[in-house]
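For reference, the structure discussed in these notes is given below.
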Amino acid sequence: MSEAKQIFSPAQRSLLTGVINRIIPANGKLPGAGTLGIAAFIEDAASATPNLTRLFNHGLTQVAVAAGQNSYQGFENLSDTAKDDLLRTIEAADPVFFDQLVLQTYNGYYTNPEVFELIGYAAPKPAPPGAHPELLDVSLLDQQRNREPFWKKV
Numbered sequence: 022m023s024e025a026k027q028i029f030s031p032a033q034r035s036l037l038t039g040v041i042n043r044i045i046p047a048n049g050k051l052p053g054a055g056t057l058g059i060a061a062f063i064e065d066a067a068s069a070t071p072n073l074t075r076l077f078n079h080g081l082t083q084v085a086v087a088a089g090q091n092s093y094q095g096f097e098n099l100s101d102t103a104k105d106d107l108l109r110t111i112e113a114a115d116p117v118f119f120d121q122l123v124l125q126t127y128n129g130y131y132t133n134p135e136v137f138e139l140i141g142y143a144a145p146k147p148a149p150p151g152a153h154p155e156l157l158d159v160s161l162l163d164q165q166r167n168r169e170p171f172w173k174k175v
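Residue numbers (the working numbering): 22 to 175.
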């Protein structure tokens, strides 16, 4: 990430990493979103517009304040259950922020080449210059339809 794209403080980055590890926690061979470094993807996305920058800075501040009020422990020191409860509170209080947080977490995670490999998704090869793909070629979905689910039911 370039210097120009850094909009979060080190403390905010650390908090964001912990938060997204609760949104997409490690599951078997799949790493958690924070462990995978998706916070940098989110920071880059949040830097795209002033509105997103404000939304994420305000939202992360809300998380930090709420975590600090919880026995003054800070988010990283809370139990997983307490972290999840706190995030549900933030979701109810600021659904616009929380929706963007979840959206960007999923966007970053499920476009990550390491996750592609771990879930068995082979990205298609680029078409040669001048080639035109068939419209509505449903056979492109066969690999996904035939694959076992990789997600955890909650």
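Glycine residues also receive a C-beta, built at the ideal position from the N, C-alpha and C atoms.
Under three-state DSSP, which class holds residue i?
i, result
"L162", "helix"
"L122", "helix"
"G39", "helix"
May I ask which residues mark the beginning and end of the alpha helix (DSSP H) holding residue i?
i, result
"G141", "Premise fails: G141 is in no alpha helix (DSSP H) and is neither H nor E."
"Y131", "First-last for Y131: undefined, no H or E at that position."
"Q83", "71-90"
"G60", "Reading the sequence as shown, one finds Ala at residue 60 and not Gly. A60 -> alpha helix (DSSP H) spans 59-67."
"K104", "101-114"
"P170", "Counting along the chain, P170 falls outside any alpha helix (DSSP H), and DSSP gives it neither H nor E."
On the criterion of 16 or more Cβ atoms from any shown chain inside 10 Å, does residue i qualify as buried, or is it exposed?
i, result
"T70", "exposed"
Check your understanding: How about the stretch 107-123 and the stretch 70-81: do they share at least three Cβ pairs that are nearer than 8 Å?
Key -> yes
Point to revise | At least 3 beta-carbon pairs within less than 8 Å: the stretch 128-144 vs the stretch 102-115 | key: no
Exercise for review: Determine, using beta-carbon pairs with one atom in the stretch 142-162 and one in the stretch 83-91, whether at least three such pairs fall under 8 Å.
Suggested key: no
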